[in-house]
Amino acid sequence: MMDAAQEDRHWGALSELPGHPMMWVLILTEVVTFGLLLATFTVTGAVQPGVFAAGRAQLDSALGGVNTLVLITSGCLAALAVEACMIECRRSARLLLAGAAALGCVFTAIKVAEYAAKVEAGIGLETDTFFTLYFLITGFHLLHVVLGIVIIAAVALHDSLENLKTGTAFWHMVDLVWVVMYPLIYLVG
Amino acid sequence: MTHIAARRATRAWILLVLLTVLNMVAGQAGAGGLVGSGVVLVAAVAKGRWMLMDFLKLRHVPPGWRILLSSWLVLVAASAWIAAAIPRLRG
Numbered sequence: 064m065m066d067a068a069q070e071d072r073h074w075g076a077l078s079e080l081p082g083h084p085m086m087w088v089l090i091l092t093e094v095v096t097f098g099l100l101l102a103t104f105t106v107t108g109a110v111q112p113g114v115f116a117a118g119r120a121q122l123d124s125a126l127g128g129v130n131t132l133v134l135i136t137s138g139c140l141a142a143l144a145v146e147a148c149m150i151e152c153r154r155s156a157r158l159l160l161a162g163a164a165a166l167g168c169v170f171t172a173i174k175v176a177e178y179a180a181k182v183e184a185g186i187g188l189e190t191d192t193f194f195t196l197y198f199l200i201t202g203f204h205l206l207h208v209v210l211g212i213v214i215i216a217a218v219a220l221h222d223s224l225e226n227l228k229t230g231t232a233f234w235h236m237v238d239l240v241w242v243v244m245y246p247l248i249y250l251v252g
Numbered sequence: 554m555t556h557i558a559a560r561r562a563t564r565a566w567i568l569l570v571l572l573t574v575l576n577m578v579a580g581q582a583g584a585g586g587l588v589g590s591g592v593v594l595v596a597a598v599a600k601g602r603w604m605l606m607d608f609l610k611l612r613h614v615p616p617g618w619r620i621l622l623s624s625w626l627v628l629v630a631a632s633a634w635i636a637a638a639i640p641r642l643r644g
């Protein structure tokens, strides 16, 4: 059996971060992956500026903004849940986590409605390069939101402080990626 | 500590909401151009930084982690701005 000090040495610098180090391996991998996807999007935008300007004009930037407000509010509730857990207010922590997960569901619903509107307008994955990357990148992010909701629900049921720090760290990564993705895809160009 | 952290998270949320609304208004007004894009991207980096410090609570971890993740934010935002500038510079 490894004691806590041995396990900290085993994970090295990762043990300095909040939550389980294994979650941070996943978070850092995802951050690199999304970084590469966003770099692909911006470089392709520089090569095909006309296609990207036309594609961006068909997006609803207000809806993207509303989704940003939804996700950052959810992130705040998750952060406050950890604080509530630290002072042993388990009921408050669970309610805050439920709020965070509910807002994650709102984000998903808005995103699905946005996709449905595009499909109704005859826009799909193969419309042009802009929309291929739009659907792939935002769809990949949406999968992470759904996974995040499941993780938040799991840590609300098994609500040790370590579990909450681990689960909410993943949620904040999903939040962080969207905060950068929103201006890149909807606004800048 | 927890009281201060909760207050910081709430303050960060207010700032994040304000910056997001600013971005939405800029987007609706069609504030394009390199300056407009730059302002929107700087706001995104600031938002990301507040999330790292006050939601993810990296304020109390060794500075290397904050530098690493903040650099990711700056790198992604800078590459987006450069990519937006290239077609304009070409004319």
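Sequence order for the protein chains is A and B. According to my numbering, the first sequence is numbered sequentially starting from 64. According to my numbering, the second sequence is numbered sequentially starting from 554. Note that beta-carbon positions come from the ideal geometry of N, C-alpha and C, so glycine has one too. Given the structure is predicted, the values throughout are model-derived calculations rather than measurements.
Leaving out five residues on either side along the sequence, give the residues of the same chain with a beta carbon under 8 Å from the beta carbon of residue i.
{"i": "G162/A", "result": "S137, L140"}
{"i": "K610/B", "result": "A558"}
{"i": "L159/A", "result": "L140, A141, L143, A144, A147"}
{"i": "A630/B", "result": "L594, V595, A597, V598"}
For residue i, which residues in chain A fall below 7 Å Cβ to Cβ?
{"i": "A636/B", "result": "T105, V106, G108, A109"}
{"i": "V588/B", "result": "Those within 7 Å of V588/B in chain A number zero; the least Cβ separation is about 12 Å."}
{"i": "L642/B", "result": "The contacting residues do not exist; L642/B stays about 10 Å from chain A at best."}
{"i": "S632/B", "result": "A102, T105"}
{"i": "V674/B", "result": "The structure shown has nothing for residue 674/B, since chain B only spans 554 to 644."}
Does residue i come out as helix, strand or coil in the three-state DSSP assignment?
{"i": "V614/B", "result": "coil"}
{"i": "E151/A", "result": "coil"}
{"i": "D191/A", "result": "coil"}
{"i": "V88/A", "result": "helix"}
{"i": "I212/A", "result": "helix"}
{"i": "L581/B", "result": "Here residue 581/B is Gln; the residue named in the question, Leu, does not match the sequence. In this structure, Q581/B counts as helix in the three-state DSSP scheme."}
{"i": "V145/A", "result": "helix"}
{"i": "V251/A", "result": "coil"}
{"i": "S223/A", "result": "coil"}
{"i": "L622/B", "result": "helix"}
{"i": "H207/A", "result": "helix"}
Can you find the residues in the same chain that come closer than 6 Å, C-beta to C-beta, to residue i, ignoring five residues on each side of it along the sequence?
{"i": "I214/A", "result": "G230, F233"}
{"i": "I164/A", "result": "In the sequence under discussion, the amino acid at residue 164/A is Ala, which differs from the Ile named in the question. Cβ neighbours of A164/A beyond the five flanking positions: I212, I215, A216."}
{"i": "V169/A", "result": "V133"}
Excluding sequence positions up to five away, which residues of its chain have a Cβ less than 7 Å from the Cβ of residue i?
{"i": "W603/B", "result": "A565, L568, L569"}
{"i": "T192/A", "result": "T107, Q111, V114"}
{"i": "V145/A", "result": "L227, K228, T231"}
In chain B, what lies closer than 9 Å to residue i by C-beta?
{"i": "G75/A", "result": "Ordered by position in chain B, no residue passes the 9 Å Cβ test against G75/A, which lies about 12 Å from the chain."}
Quick one: which chain B residues come within Cβ less than 7 Å of residue i?
{"i": "M255/A", "result": "Since the displayed chain A opens at 64 and closes at 252, residue 255/A lies outside it and no answer follows."}
{"i": "G230/A", "result": "Neighbours of G230/A on chain B: none; closest Cβ ~12 Å, over 7 Å."}
{"i": "L143/A", "result": "A559, A562"}
{"i": "P112/A", "result": "P640"}
So which residues on chain B does residue i lean against when the C-beta distance must stay under 8 Å?
{"i": "S124/A", "result": "M577, G580, Q581"}
{"i": "E79/A", "result": "V614, P615, W618"}
Using the beta-carbon of each residue, which ones in chain A are nearer than 8 Å to residue i?
{"i": "M604/B", "result": "I135, G138, H235, D238, L239, V242"}
{"i": "V570/B", "result": "L132, I135, T136"}
For this session: Would you list, in chain order, the members of the stretch 609-620 of chain B that have their beta-carbon closer than 8 Å to a beta-carbon of chain A?
Result: L609, K610, L611, V614, P615, G617, W618
Exercise. Is there contact here, the stretch 95-102 of chain A with the stretch 621-639 of chain B, by at least three beta-carbon pairs under 8 Å?
Worked result: yes
Problem set entry | Segment contact, 8 Å Cβ cut-off, at least three pairs: the stretch 235-248 of chain A with the stretch 117-133 of chain A | yes
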